[in-house]
Structure formats: structure tokens, C-alpha cells
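Residue numbers (the UniProt record's numbering): 1 to 71.
No residue lacks a Cβ here, since even glycine has one placed at the ideal position from N, Cα and C.
Inspection log for the structure reproduced underneath, given as C-alpha cells.
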């Protein structure tokens with residue numbers, strides 16, 4: 001199978017995939033902090049590789065005043 005897949009998922013799923021690709025213990029996923037809306041690109045060719053991790057440069061143009069928003 002070939003092609004491109006976009007997956008929108010919870011942070012823990014991305015962390016588990018990263019641990020698997022890197023051959024790490026799944027309990028180590030907490031060592032890979034992922035921010036909400038972070039984009040991770042994984043190439044699945046053998047061997048799989050992480051091209052970029054937790055990129056949120058798409059948010060740079062946003063301007064927000066956190067004093068106005070509830071957290």
C-alpha cells in the first residue's frame with residue numbers, strides 16, 4: 001500500500017507510535033512532549049523515520065491575548 005495518510009489523534013497515540021518507531025519501551029512515551037495542534041511527519045518506508053516532530057509553526061501568524069481567554 002502506498003500513499004499519504006493524515007491522522008488526527010490524541011497526544012498519547014502519537015507518543016506511542018514514536019516510541020515504537022524508535023524501538024523504545026512504550027512507558028517512555030512521556031519523554032516525548034507533544035503540544036496540542038503539533039504536527040508530526042512520519043515516513044513509513046522501511047525503516048520508518050520521523051521527519052519532524054511537534055511542529056507548530058503553522059500557528060506563528062496567530063495573535064492571541066491570553067488575558068482575554070479562559071484557560
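Handout entry: Cross-strand partners of residue 50 (DSSP beta bridge)
Key = 42, per the DSSP bridge assignment.
Handout entry: Residues near residue 55 in its chain [Cβ-Cβ closer than 6 angstroms; skip 5 each side]
Key = Shown here for residue 55: same chain residues with a beta carbon closer than 6 angstroms to its own, the five before and five after excluded, namely 39 in chain order.
Exercise for the section: Can you check DSSP and say which residues form a bridge with residue 55? Expected result: The partner list for residue 55 (beta bridge, DSSP) reads 39.
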